[in-house]
Amino acid sequence: MIRLYRSALIGDDFLHGFPERTGGVSTGPRASLNLGYRWGDDPANVETNRRRLATFAGFPYEQLQVTRHVHGTHVWTVGEPLADDAEFDGLVCDRPGPVLGAFAADCVPIVFADPVARVIGAAHAGWRGTVNGVARNVVARMIEHGASAAQIRIALGPSIGPCCFEVGDEVVAEFRAAFGEVAGLVVPGPMKQHVDLRVALRAQLEAIGIAPAHLDSAPPCTRCEAERFFSYRRDGLAGGVHMGFIGIR
Ligand SMILES: [Zn+2]
């Protein structure tokens, strides 16, 4: 049984969701809906899982558009020539049909939608991508395709929460340099300090004109909820990968 975590902000003009880990065919720590090839799962299992998701969500499997993520900030618009080894952490599309996928396992999968201009985006934002502005870059590319910051709705998917995202002082310093003093950005943990990626992303997106009410930024924590989600912090490379997706109906 596939279960989708969805955001009420995105609306019915779009098909979107963040699948939980159930309903696939992968086994062990990747049980069962592992959607990523890179960490060594049987490719046949991954393809089966992706096909099951497409069927469940109601889009043709062939319409799924994904890219290789590298914790970077480059954005690909569907239709632009794409080399085999292309590396993009953001995707944008301005026409019905293609379904954009962004992978994550603790990092934040993000989906973007402008319901008026009918332009969509997806992104993978770990701490580096967050600090360096991948989400901001997706919004900028959407605007190039006719979207407006005042209209864009954004949903952050299941990802590691401030409860679990312990980081070193050097990472805290990167966030302080990028965001300054934002309430809740850095919180004390039992050992080291913790960073709240959702707070950082919200600050970055509000700073470029996204309305606070258009930002859904309180998803579940992947590391806390082992029954529902994969987590790199919890399971390492033996675990599975999630994928946020969005398409225009
Ligand atoms: Zn947690």
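So the sequence shown is numbered by my numbering: it starts at 303 and just counts up by one.
C-beta: ideal position from N, C-alpha, C; glycine also.
Inset, instruction - Go through its chain and collect everything with a Cβ distance to P331's Cβ below 6 Å, but skip five positions before and after it. - result: D537, A540, G541
Inset, instruction - May I have the straight-line CA-CA distance separating P490 from V410, to the nearest angstrom? - result: 21 Å
Inset, instruction - Please list, in chain order, all residues of the same chain as L311 whose beta carbon is under 7 Å from its beta carbon, the five residues on each side excluded. - result: R455, A457, H516, D518
Inset, instruction - Within the same chain, show all residues whose beta-carbon is closer than 6 Å to that of R530, passing over the 5 residues directly before and after it, in chain order. - result: E322
Inset, instruction - Starting from the N-terminal side, write out each stretch of the alpha helix (DSSP H) that is 4 residues or longer and does not extend beyond the region 430–462. - result: 436–446
Legend entry - Inter-residue Cα distance where the pair is A442 and C523: 28 Å
Legend entry - Helix, strand or coil at G319 according to DSSP, with G and I counted as helix: strand
Inset, instruction - Can you list the residues near ligand 1, meaning Cβ strictly closer than 5 Å to any non-hydrogen atom, in the order they appear in the chain? - result: G463, C465, C466, C523, R525, C526
Inset, instruction - Report yes if the C-beta distance between I445 and A437 is below 8 Å; otherwise report no. - result: no
Inset, instruction - Might you give, ordered along the chain, the residues of its own chain that have their beta carbon closer than 6 Å to the beta carbon of G435, omitting 5 neighbours on each side? - result: T375
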